[in-house]
Amino acid sequence: MSESSTERPARRFPFPMPFGWFKVALAEEVSEGEILTRHYFDTELVIWRDADGRVAVQEAYCPHLGAHLGWGGTVEGKQIRCPFQGWAFDCEGANVEVPYAERP
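See below:
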């Protein structure tokens, strides 16, 4: 007699979403002030190094109006700046500046 199960077997490939660490660039490819663009996991990414040497990997599109940070964006010190409206983000992806608005 065989047993039946309602559990689905775990699928290894294709991954439903990335788990763990994946290499998207080599450290020596990421120069300070330069922005690299990559397409991984069905997502556009930007990779950049700040003035302190920290490397950041973030979604490529500005959350404000969707400009691609890798196409005309700039690295200024410890932040990446959107080419469209000038919003700036730190290595963690947090907004650190909106040039036309005062911070509380």
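Numbering of the sequence shown is given in the numbering used here, commencing with residue 83 and proceeding in unit increments. Cβ atoms here follow ideal geometry from the backbone N, Cα and C, with glycine treated the same way. All of these numbers come straight from a predicted model, not from anything done at the bench.
At the C-beta level, Val-137 and Val-178 stay beyond 8 Å of one another. C-alpha of Glu-141 to C-alpha of Glu-110: approximately 21 Å in a straight line.
Between the C-alpha atoms of Thr-125 and Glu-89 there is a straight-line separation of about 31 Å.
Secondary-structure assignment with DSSP links His-150 through a beta bridge to Tyr-143. Residue environment analysis places Gln-167 among the exposed positions, since fewer than 16 neighbouring C-beta atoms fall within 10 angstroms of its C-beta.
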